[in-house]
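**Student:** Numbering (our numbering), first residue to last: 53 to 260.
Don't be surprised by glycine CBs; every beta carbon is placed ideally from N, CA and C.
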């Protein structure tokens, strides 16, 4: 009898790609607090500013994104800076159940999610924050607000450079100042830190 030759072809193991549900959080968190509404975030900012009403402050919002297997994770951070004297921050996440590799689409969504949060800080909210500093304005107390855009203007170093003008125009159209790299540290550093790990939520089973 002829002996059968062993199958030397490597076994191919097909791994199913994970599928995630859309997640668009409306609450914020940090290392000490969870599930903060925007109203609660505002109260934390008020408390932080009242603790030192003689200082200069920067209220900054920025979003960064990272592509992971089966999803793209967006982190939007709110930071109230007291330059040289500390900061308070919180963040929320948006999980889109697809891998976004288009630089233009990703940057557009990052800017959109930042604008969504910035819209909460309307003229009335900003006026309330400015009133905290008003008695000390002649001693240098002031408040500035920015949206940080995770893009740079140097075409040799940043693929995002082609879209900077459009994103800055969108932000400034809503009456908010925009910052880009290297000044955009909230998007490129704070939010970026929390995009590195993939989403740990429940996967969605897909048939077929």
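#1: From residue 147 to residue 180, what does the alpha carbon distance come to, in whole angstroms?
#2: Which value, in whole angstroms, describes the spacing of the CA atoms of residue 159 and residue 223?
#3: Once DSSP output is grouped into helix, strand and coil, what is the label at residue 117?
#4: If you reduce the DSSP assignment to three classes, tell me which class residue 241 lands in.
#5: Span of the beta strand (DSSP E) holding residue 128?
#6: Quick check on this structure: which residue in 226, 246, 216, 236 has the alpha carbon closest to the alpha carbon of residue 112?
#7: Using 8 Å as the threshold, is the stretch 206–221 in touch with the stretch 107–127, meaning 3 or more CB pairs across them?
#8: List the DSSP bridge partners of residue 148.
#9: So is residue 167 buried or exposed if we call it buried at 16+ other beta carbons inside 10 Å?
#10: With the cut-off set at 8 Å, would you say residue 144 and residue 238 are in Cβ contact?
#11: In the DSSP assignment, find the unbroken alpha helix (DSSP H) run with residue 85 in it and report its ends.
#12: Across the stretch 102–109 and the stretch 131–145, are there enough close Cβ pairs to call them in contact, namely three or more that are closer than 8 Å?
#13: Please state whether the Cβ-Cβ distance between residue 83 and residue 140 is less than 8 Å.
#14: Quick one: what does DSSP say residue 251 is sitting in, helix, strand or coil?
#15: State the beta-bridge partners of residue 225 as determined by DSSP.
#16: Quick one: Cα of residue 172 to Cα of residue 119, how far?
#17: By a C-beta neighbour count over all protein chains shown, 10 Å radius and 16 as the cutoff for buried, is residue 115 buried or exposed?
#18: First and last residue of the beta strand (DSSP E) that includes residue 196?
**Tutor:** With the given structure in hand:
#1: Looking at the two C-alpha atoms, the distance is approximately 33 Å.
#2: 13 Å
#3: strand
#4: helix
#5: 123–133
#6: 236
#7: no
#8: 124
#9: When all chains shown are included, residue 167 counts as buried.
#10: no
#11: It is not in any alpha helix (DSSP H) - residue 85 carries neither H nor E in the DSSP assignment.
#12: In short, these stretches touch, since the Cβ pair count reaches three.
#13: In this structure, residue 140 does not lie closer than 8 Å to residue 83 by Cβ.
#14: Residue 251: coil per DSSP, three-state reduction.
#15: Bridge partners of residue 225: none, in fact.
#16: 27 Å
#17: Under this definition residue 115 is a buried residue.
#18: 194–200
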